[in-house]
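Have a look at the structure below before the remarks.
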Amino acid sequence: MKLFKYRIFRKTAGENDLLDITEEVLTLVKKSGVKEGFAIVFVIGSTASVLTMEYEPGLAKDLRELLEEIAPQDREYAHNATWNDDNGHSHLRATLLGQSFTFPIEDGRAVLGTWQQIVLAEFDHRPRERTVVVHIYGV
Amino acid sequence: MKLFKYRIFRKTAGENDLLDITEEVLTLVKKSGVKEGFAIVFVIGSTASVLTMEYEPGLAKDLRELLEEIAPQDREYAHNATWNDDNGHSHLRATLLGQSFTFPIEDGRAVLGTWQQIVLAEFDHRPRERTVVVHIYGV
Amino acid sequence: MKLFKYRIFRKTAGENDLLDITEEVLTLVKKSGVKEGFAIVFVIGSTASVLTMEYEPGLAKDLRELLEEIAPQDREYAHNATWNDDNGHSHLRATLLGQSFTFPIEDGRAVLGTWQQIVLAEFDHRPRERTVVVHIYGV
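Chains as they are written, first to last, in this note's numbering: chain A, 1 to 139; chain B, 1 to 139; chain C, 1 to 139.
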């Protein structure tokens, strides 16, 4: 079993930017030449997530509103008070949604549903340069 | 390291159906003959999840109620308005709980707790034919 | 590709104890000698989680408060009524946050952000002896 290592670099627009990185990941699967195996998609950092969703503007809006309800931006967070920061809610959202996603590869293709996109979610309050690590394993 | 590929097909009853697929997954681990390695359990789609829980009727009820509280069915979602659909809440629940679960295998057995079942969760509002992809890697 | 199997044993203080196990995991990565590959960090049980966060007291407090809001301890849960138990909320929190975390290894080091710690979260109401399984794969 071989390993192919890649990185995707994306500049985000800040708070709640949801970027569809599916095409880039699928291109890497093809580039690797792996026919049977799996891929790990991992974002470095504690205020961003890798998640899956049907990527369309309506759901993106719904997800932003849901997260604002679960962990509102303007609540008083101990993290903000301690560090004179204002991204306590960003950290909580990222912890809830996670930073790592693993999917299977068969017949040289990612096994994903038609409406199952891979999304890089920015939760930090300012634009960031994000690094997504993609490891593809297989034969 | 070898790869064994399997698929589990399950017909769900729709909205909030929670199906314990642990026995099927454990049977596949045995069938593969893998002694040391890991397994990826992955559901195709954006309105279903693979999760772990103690599978008993009380907790199943509690989980359904929790998700109804977090993302209620009868709220107005942009997804529903845009697509004349009614499963906005299903998508959000699936994104929160994820579609991929990885666990270790040792001595030919899945390393899982006694009350740590692998569950296929249907969040869509109608019965679906679900495909769960199981990849087992190891020696 | 080789597999190195380890276990981390930790005694928790009960309800909402958050233990930073990053150093132990990084030490295992080094010990394995794996230069390029990945690691699976998995906790056995259905009332604990493995998650990532910036590990600092403020955020730990914020996370505990968020989870108390999402799944309060003193709510009536069917799980508690059925089994004369009082950890229904613990199960729900563990299901939401998950039990498995996978991260890449490159140049002999875990690819993690500076403020992206690996945390064992105890959600059960009493102190427990937890077993975290760490599998490291690679060359």
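For glycine and all other residues, C-beta sits at the position ideal for the given N, C-alpha and C.
{"Asked": "Relative to the C-alpha of C/Gln99, which candidate in B/Gly33, B/Thr52, B/Thr27, B/Glu23 has its C-alpha closest?", "Found": "B/Thr52"}
{"Asked": "Which chain C residues sit within Cβ distance under 7 angstroms of B/Thr52?", "Found": "Ser46, Thr95, Gln99"}
{"Asked": "Examine chain A for any beta-carbon lying closer than 7 angstroms to the beta-carbon of C/Gly88, and answer yes or no.", "Found": "no"}
{"Asked": "Residue ranges of each beta strand (DSSP E) run of no fewer than 3 residues wholly in the stretch 40-124 of chain A, ordered along the chain?", "Found": "48-53, 100-106, 117-122"}
{"Asked": "Run through DSSP, which three-state label would C/Glu23 get?", "Found": "helix"}
{"Asked": "Measuring straight from C-alpha to C-alpha, what distance separates A/Glu76 and C/Leu18?", "Found": "21 angstroms"}
{"Asked": "I need the DSSP call for C/Val134, collapsed to helix, strand or coil.", "Found": "strand"}
{"Asked": "Tell me whether the beta-carbon of B/Phe38 lies closer than 7 angstroms to the beta-carbon of B/Pro104.", "Found": "yes"}
{"Asked": "Can you have a look at A/Thr27 and say buried or exposed, based on whether 16 or more other CB atoms are within 10 angstroms of its CB?", "Found": "exposed"}
{"Asked": "Against chain B, with Cβ distances strictly below 7 angstroms, would A/Thr102 count as a contact?", "Found": "yes"}
{"Asked": "How should A/Arg93 be labelled, buried or exposed, when 16 other C-beta atoms within 10 angstroms of its C-beta is the threshold for buried?", "Found": "buried"}
{"Asked": "By Cβ distance below 7 angstroms, which residues in the same chain neighbour C/Thr47 in space, the five residues on each side in sequence not counted?", "Found": "Asn87, Ser90, His91, Ala94, Phe123, Asp124"}
{"Asked": "Would you kindly report the start and end of the unbroken beta strand (DSSP E) that includes B/Lys5?", "Found": "2-11"}
{"Asked": "Under 8 angstroms Cβ-Cβ, which residues of chain C neighbour A/Phe42?", "Found": "Thr102, Phe103, Pro104, Val111"}
{"Asked": "Compare the Cα-Cα distances from C/Thr131 to each of C/Met1, C/Arg10, C/Lys2 and report the closest residue.", "Found": "C/Arg10"}
{"Asked": "Taking all protein chains shown into account, decide if B/Asp107 is buried (16 or more other Cβ within 10 angstroms of its Cβ) or exposed.", "Found": "exposed"}
{"Asked": "I'd like to confirm the pairing. Which residues does DSSP put opposite C/Met37 in its beta bridges?", "Found": "Here residue 37 of chain C is Gly; the residue named in the question, Met, does not match the sequence. Answer is C/Ile105, C/Gly138, bridged to C/Gly37."}
{"Asked": "Judging by CA-CA distance, which residue of C/Ala60, C/Leu59, C/Lys35, C/Leu63 is the nearest neighbour of C/Val139?", "Found": "C/Lys35"}
{"Asked": "Strictly below 9 angstroms CB to CB, what residues from chain B border A/Glu36?", "Found": "Leu3, Lys5, His135"}
{"Asked": "Could you check how far apart the C-beta atoms of A/Ala110 and A/Val25 are, in whole angstroms? I think they sit under 8 angstroms.", "Found": "7 angstroms"}
{"Asked": "May I ask you to list, following chain order, the residues of the stretch 54-87 of chain C that have a beta carbon less than 8 angstroms from some beta carbon of chain B?", "Found": "Ile70, Ala71, Tyr77, Ala78, His79, Asn80, Ala81, Thr82, Trp83"}
{"Asked": "Any beta carbon from chain A within less than 7 angstroms of B/His125's own beta carbon?", "Found": "no"}
{"Asked": "What in chain C is Cβ-close to A/Leu92, meaning under 9 angstroms?", "Found": "Met53, Leu59, Asp62, Leu63, Leu66"}
{"Asked": "Going by alpha carbons, who is nearest to A/Gly113 out of A/Gly45, A/Glu54, A/Lys61?", "Found": "A/Glu54"}
{"Asked": "Beta carbon of A/Gly45, beta carbon of A/Arg126: below 7 angstroms?", "Found": "no"}
{"Asked": "Evaluate C/Asp74 with the Cβ neighbour count: other Cβ atoms within 10 Å of its Cβ, from every protein chain shown; 16 or more gives buried, anything less gives exposed.", "Found": "exposed"}
{"Asked": "Could you tell me how far apart the beta carbons of B/Ala78 and A/Asp20 are, in whole angstroms, since I believe they sit closer than 8 angstroms?", "Found": "Not a contact, Cβ separation roughly 17 angstroms."}
{"Asked": "Assuming contact is defined by CB atoms lying nearer than 7 angstroms, are C/Ile136 and C/Val41 in contact in what I supplied?", "Found": "no"}
{"Asked": "Straight-line CA distance for A/Arg128 to C/Ile8?", "Found": "34 angstroms"}
{"Asked": "Name, in chain order, the residues that DSSP records as bridge partners for C/Glu129.", "Found": "C/Lys11"}
{"Asked": "Quick one: is B/Ala81 buried, meaning 16 or more other Cβ sit within 10 Å of its Cβ, or exposed?", "Found": "exposed"}
{"Asked": "Count the other CB atoms within 10 Å of the CB of B/Asn84; is the residue buried (16 or more) or exposed (fewer)?", "Found": "exposed"}
{"Asked": "Under 6 angstroms Cβ to Cβ from B/Glu56, same chain only, skipping five residues before and after it: list those, please.", "Found": "none"}
{"Asked": "Just the C-alpha distance for A/Val29 and B/Ala121, rounded to the nearest angstrom, thanks.", "Found": "28 angstroms"}
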